[in-house]
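To keep things clear, I will list the structure first and then write my remarks on it.
Numbering (the working numbering), first residue to last: 91 to 383.
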């Protein structure tokens with residue numbers, strides 16, 4: 091499910107867990123508070139890459155390591171600093187003029203979250219953790235959990251519930267709103283194949299590393315992996331401003347989640363979060379790399 095960095099919760103053991111919107115976060119248009127806006131440079135870079143005319147040294151993603159967790163946590167905070175959805179899910183009213191500062195508790199929880207993602211999910215990075223992607227593998231394609239994996243999932247699920255209980259009433263209500271509305275869309279548009287799909291849970295790039303094709307490369311590798319297995323992939327974006335970027339990588343909008351339109355505690359107007367699907371394309375581009383993910 092979509093969420094945001096400040097409204098954090100652990101990654102949990104199931105696909106529907108609440109954390110971050112799937113997006114390419116970086117340099118922002120401050121007037122939109124869009125921490126995930128894709129720049130023109132990114133779109134041009136990805137267009138060249140797809141057409142085969144991009145000639146710089148290829149970027150090769152690698153798994154995020156435990157030593158890179160501090161950097162990855164900072165990447166999230168910086169990337170989502172001005173993201174409107176992040177403000178919504180952290181309980182803000184939208185009229186604030188400056189982003190929230192991460193607390194020690196925030197950082198501690200993110201360290202735990204990334205430890206879980208590295209251990210139990212597909213978590214890739216570029217630029218030493220300054221750009222990263224977290225993907226949930228399809229349930230139907232996953233191996234049966236061993237005892238240790240079951241124990242890790244159980245512990246983190248309990249931690250998630252504990253942290254959820256500590257949220258404010260506003261945050262709880264907004265998280266439930268997103269869960270219900272996304273669930274309706276999934277039921278209507280993705281239900282038949284949802285357990286066979288890859289789910290892009292989080293895609294973010296530190297603003298200082300934006301414009302170098304990191305996000306597009308990470309997203310492309312996941313697309314290649316899905317194609318290599320004959321699978322679709324899906325995500326929920328934090329706003330329409332991300333649509334052109336995702337279109338470059340084969341994602342199409344199937345429905346939109348509308349948030350904040352009837353929330354009296356939110357003053358910045360409705361939020362539109364596209365639910366997007368990338369259908370299997372049968373491409374062999376970068377398949378050698380993808381098969382190692």
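Glycine residues also receive a C-beta, built at the ideal position from the N, C-alpha and C atoms.
Return the residue from the list the options that minimises the CA-CA distance to residue i.
| i | options | result |
| --- | --- | --- |
| residue 397 | 237, 220, 348 and 150 | Any answer about residue 397 is impossible in this case: the structure gives the chain only from 91 up to 383. |
| residue 246 | 190, 210 and 174 | 210 |
| residue 152 | 336, 238, 309 and 298 | 309 |
| residue 386 | 249, 260 and 280 | The chain is shown from 91 up to 383; residue 386 falls before or after that span and cannot be answered. |
| residue 155 | 178, 311 and 205 | 205 |
| residue 323 | 367, 239 and 236 | 367 |
| residue 203 | 157, 250 and 174 | 250 |
| residue 351 | 150, 170 and 175 | 175 |
| residue 193 | 167, 337 and 303 | 167 |
Let me know the secondary structure DSSP gives residue i once reduced to three states.
| i | result |
| --- | --- |
| residue 280 | coil |
| residue 186 | coil |
| residue 366 | strand |
| residue 308 | helix |
| residue 154 | coil |
| residue 289 | strand |
| residue 355 | coil |
Under 9 angstroms, do residue i and residue j count as touching if we go by C-beta distance?
| i | j | result |
| --- | --- | --- |
| residue 200 | residue 258 | no |
| residue 270 | residue 327 | no |
| residue 184 | residue 301 | no |
| residue 313 | residue 340 | yes |
| residue 214 | residue 333 | no |
| residue 284 | residue 276 | yes |
| residue 325 | residue 349 | no |
| residue 307 | residue 222 | no |
At what residues does the beta strand (DSSP E) containing residue i begin and finish?
| i | result |
| --- | --- |
| residue 226 | 221-226 |
| residue 345 | 341-349 |
Span of the alpha helix (DSSP H) holding residue i?
| i | result |
| --- | --- |
| residue 333 | 333-338 |
| residue 206 | 194-210 |
| residue 319 | That residue, residue 319, is in no alpha helix (DSSP H); it is neither H nor E in DSSP. |
| residue 251 | 237-255 |
Segment contact flag, the segment 287-304 with the segment 224-240, C-beta cutoff 8 angstroms, min 3 pairs:
Yes, the segment 287-304 is in contact with the segment 224-240.
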